[in-house]
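These notes are about the structure you will find just below.
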Amino acid sequence: MKIALQARGLTARLGQAEVLHGIDLALPRGRWTSVVGPNGAGKSTLLKALAGLLPRDHHGGSVHLLGQSLADLPARQRARQMAWLGQNEGSAEDLSVYDVAMLGRLPHQAWLAAPNAADHAAVQQALRDTQAWAWRDRVLGQLSGGERQRVLLARVLAVQAPVLLMDEPLANLDPPHQADWLELVRRLVAGGTTVVSVLHEISVALHADELVVMAGGRITHQGLCGDAATHRALEAVFDQRIRVHRVQDQWLALPHLVSPMSPLSSPT
Ligand SMILES: Nc1ncnc2c1ncn2[C@@H]1O[C@H](COP(=O)(O)OP(=O)(O)OP(=O)(O)O)[C@@H](O)[C@H]1O
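Going from the sequence shown to the working numbering is simple: count from 1 and add 252.
Next comes the structure, spelled out in structure tokens:
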């Protein structure tokens, strides 16, 4: 199987503490991998390290992107090959939605060159894919949290990179737009894109091809989303406070209540 991202002996130090402890990981090409685990497990730090976003003196080990060492890859080439959506990401608040999405085309444009037809086509497609096209002339700073997230997602899609890394992409999205995101990712992956997402919505994460389960700066399990071993690893990492069930052909993670109190039971 071809590998999109390979990490070897990855360590990361933030402040005084080491938060990733020698991670070895291979993420398959043309597949969707979700990274899950409790708060503080190191998921965002791992994603940043894979994206090459941690300062060099803060991490050790190596990352290869599509077979090339990230350390040796020129920044523009890296930006064309791997697009990044961060958690609570800032952007220029006074830019129009259209111009924010156009920022995703920067790695393709010559210095100070005007956007060409391919850039405009990519931006229009991305804004339509995230249902943000109707507000293309509005200013980013005047959008709601969920609207804003869809514009930032459009910026990532506009890159048309073969590898997408997304940290909490569903933040602020309502259920219909979460379902849209899910379908969009499946479509991208069917077209050969590699997607890596950090998700707290475990039932959405279970729609991925593979799950990487993290705790305490280490990977405790990597496996297929449909595997019983993956479900057991998930339940274990969340202290047996969730259970994975199969409902209408989907895997669902439901809270495992210590003192069950069914909302369906009638009041006495
Ligand atoms: N700038 C920082 N300085 C010191 N420690 C940090 C810093 N940023 C994060 N950490 C610590 O690193 C650890 C891993 O953080 P990280 O954000 O990667 O976790 P996470 O799994 O993404 O968590 P969450 O689910 O809460 O977003 C946590 O213990 C966190 O407190």
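We put the beta carbon where it would ideally sit given N, CA and C, even for glycine.
Beta-carbon proximity of residue i to residue j, cut-off 8 Å
{"i": "Gln268", "j": "Ser296", "result": "no"}
{"i": "Leu272", "j": "Leu298", "result": "yes"}
{"i": "Val315", "j": "Leu266", "result": "no"}
{"i": "Gly444", "j": "Gly282", "result": "yes"}
{"i": "Leu337", "j": "Leu302", "result": "no"}
{"i": "Gln333", "j": "Pro421", "result": "no"}
{"i": "Gly356", "j": "Ala323", "result": "no"}
{"i": "Ile494", "j": "Ala481", "result": "no"}
{"i": "Arg402", "j": "His360", "result": "no"}
{"i": "Ala410", "j": "Val375", "result": "yes"}
{"i": "Val450", "j": "Asp419", "result": "yes"}
{"i": "Glu462", "j": "Gly478", "result": "no"}
{"i": "Leu436", "j": "Trp503", "result": "no"}
{"i": "Val448", "j": "Leu279", "result": "yes"}
{"i": "Gly319", "j": "Arg260", "result": "no"}
First through last residue of the alpha helix (DSSP H) which encompasses residue i
{"i": "Ser455", "result": "454-457"}
{"i": "Val349", "result": "349-355"}
{"i": "Asp371", "result": "369-381"}
{"i": "Glu399", "result": "397-410"}
{"i": "Ala384", "result": "It is not in any alpha helix (DSSP H) - Ala384 carries neither H nor E in the DSSP assignment."}
{"i": "Ala303", "result": "295-303"}
Euclidean distance between Cα positions of residue i and residue j
{"i": "Thr446", "j": "Ala431", "result": "19 Å"}
{"i": "Leu305", "j": "Gly469", "result": "17 Å"}
{"i": "Ala344", "j": "Leu416", "result": "22 Å"}
{"i": "Ser348", "j": "Leu405", "result": "15 Å"}
{"i": "Trp385", "j": "Arg407", "result": "12 Å"}
{"i": "Arg439", "j": "Ser511", "result": "41 Å"}
{"i": "Arg484", "j": "His473", "result": "10 Å"}
{"i": "Val496", "j": "Asp426", "result": "23 Å"}
{"i": "Pro507", "j": "Gln492", "result": "9 Å"}
{"i": "Trp284", "j": "Asp276", "result": "18 Å"}
{"i": "Asp309", "j": "Arg330", "result": "20 Å"}
{"i": "Ala373", "j": "Glu487", "result": "44 Å"}
{"i": "Val489", "j": "Ala460", "result": "18 Å"}
{"i": "His311", "j": "Gln500", "result": "43 Å"}
{"i": "Ala365", "j": "Arg328", "result": "15 Å"}
{"i": "Lys254", "j": "Ile471", "result": "21 Å"}
{"i": "Trp433", "j": "Thr382", "result": "8 Å"}
{"i": "Asp346", "j": "Arg400", "result": "12 Å"}
{"i": "Gln412", "j": "Ala370", "result": "11 Å"}
{"i": "Glu341", "j": "Glu453", "result": "19 Å"}
{"i": "Pro326", "j": "Glu270", "result": "28 Å"}
Residue(s) in a DSSP beta bridge with residue i
{"i": "Leu436", "result": "Note: Leu436 sits in no beta bridge, so no partner."}
{"i": "His273", "result": "Thr263"}
{"i": "Arg493", "result": "Looking at the DSSP assignment, Arg493 forms no beta bridge with any residue, so it has no partner."}
{"i": "Trp284", "result": "Val447"}
{"i": "Leu358", "result": "In DSSP, Leu358 forms no bridge with anything."}
{"i": "Gln320", "result": "Leu317"}
{"i": "Leu388", "result": "Strictly speaking, residue 388 in this sequence is Arg, with Leu absent from that position. Answer is none; Arg388 lacks a bridge partner."}
{"i": "Leu279", "result": "Leu257"}
{"i": "Arg498", "result": "Trp503"}
Boundaries of the beta strand (DSSP E) in which residue i is found, first to last residue
{"i": "Ser314", "result": "311-317"}
{"i": "Glu462", "result": "462-467"}
{"i": "Gly506", "result": "With the sequence shown as reference, residue 506 is identified as Leu, and Gly is not the correct amino acid for it. Element bounds for Leu506: 502-507."}
{"i": "Ala335", "result": "334-337"}
{"i": "Met253", "result": "From DSSP, Met253 is part of no beta strand (DSSP E); its letter is neither H nor E."}
{"i": "Gly475", "result": "470-476"}
{"i": "Leu416", "result": "415-419"}
Exercise for the section: Inspect the CB distances between the region 340-356 and the region 387-395 and report whether three or more fall short of 8 Å. Expected result: yes
Practice task
Take every Cβ of the region 275-290, pair it with every Cβ of the region 459-468, and state whether three or more of those distances are shorter than 8 Å.
Solution key: yes
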